[in-house]
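Have a look at the structure below, then the notes.
Given below as structure tokens:
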């Protein structure tokens, strides 16, 4: 934490530089100084989505879910990465219902989910919603990576839909060790 205040003082003295400010934001987050990171955000002349995402991930990292959502709601621009931070933050903090609610909110926004987004929300779905997500994935994602495909496979397999699970498995262009383990189990 010693270096963060020194860098901050240098920025005040010499003028803020975008790259240095984002490094300092991360340093504050890593040292659990979220209030200092938040203050710095308002000091950055042209804060970007990266700056906001850094602080957002910090709130979730320390389990400050309500502050994270408040901050997210106040964020001027949300990209797919910001949404992924929110969704994975809910999942990591055992709030699957909120993750699915925010996923639906994301789907009605102008930001499209990516394979990481789907991989994050699939484990919290029942079979019916999983089928809807699978249809979405076919439309949105160019191909199934091993992580996303394995998560889809598990939804079907755990529901006893072995034929559908096998179709997902066979349709995966690449499989990793986790995929093969899921197939065996």
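Numbering (the numbering used here), first residue to last: 182 to 366.
C-beta: ideal position from N, C-alpha, C; glycine also.
Please work out which residues of its chain come closer than 7 Å, Cβ to Cβ, to residue i, disregarding the five sequence neighbours upstream and downstream, and give them in chain order.
i, result
"residue 350", "334, 364"
"residue 321", "293, 294"
Should residue i go down as buried or exposed, given a rule of 16 or more other Cβ atoms within 10 Å for buried?
i, result
"residue 182", "Low confidence applies to residue 182: its pLDDT is 48, below 50, so where it sits in the model is not reliable, and the reading given next is rough at best. So residue 182 counts as exposed."
"residue 354", "exposed"
"residue 319", "exposed"
"residue 332", "buried"
"residue 345", "buried"
"residue 316", "exposed"
"residue 244", "exposed"
"residue 123", "In the structure displayed, the chain extends from 182 to 366; residue 123 sits before or after that span and is not available."
"residue 232", "buried"
"residue 343", "exposed"
"residue 366", "exposed"
"residue 300", "buried"
Could you give the DSSP three-state label for residue i: helix, strand or coil?
i, result
"residue 182", "Low local confidence applies: a pLDDT of 48 at residue 182 is under 50, so the model's placement there is unreliable, and no value is given."
"residue 451", "Any property of residue 451 remains undetermined from this structure, which presents the chain solely from 182 to 366."
"residue 304", "helix"
"residue 244", "coil"
"residue 333", "helix"
"residue 238", "helix"
"residue 293", "coil"
"residue 207", "helix"
"residue 260", "coil"
"residue 232", "helix"
"residue 285", "helix"
"residue 212", "coil"
"residue 355", "coil"
"residue 227", "coil"
Under DSSP, the alpha helix (DSSP H) around residue i begins and ends at which residues?
i, result
"residue 274", "Where residue 274 is concerned, there is no enclosing alpha helix (DSSP H), given that its DSSP letter is neither H nor E."
"residue 363", "358-365"
"residue 308", "308-321"
"residue 325", "Taken as a continuous stretch (DSSP letters only), residue 325 belongs to no alpha helix (DSSP H), as it is neither H nor E."
"residue 220", "215-224"
What does a CB cutoff of less than 8 Å around residue i pick up in its chain, not counting 5 residues either side in sequence?
i, result
"residue 235", "203, 206, 207, 210, 218"
"residue 327", "353, 355, 356, 357, 359, 360"
"residue 368", "Since the displayed the chain opens at 182 and closes at 366, residue 368 lies outside it and no answer follows."
"residue 283", "264, 267, 268, 271"
In chain order, what residues of the same chain lie with their CB nearer than 6 Å to the CB of residue i, ignoring the 5 residues before and after it?
i, result
"residue 287", "264"
"residue 311", "336"
"residue 307", "none"
Decide if the region 238-250 is in contact with the region 266-273; the criterion is three or more beta carbon pairs, one per stretch, under 8 Å apart. yes
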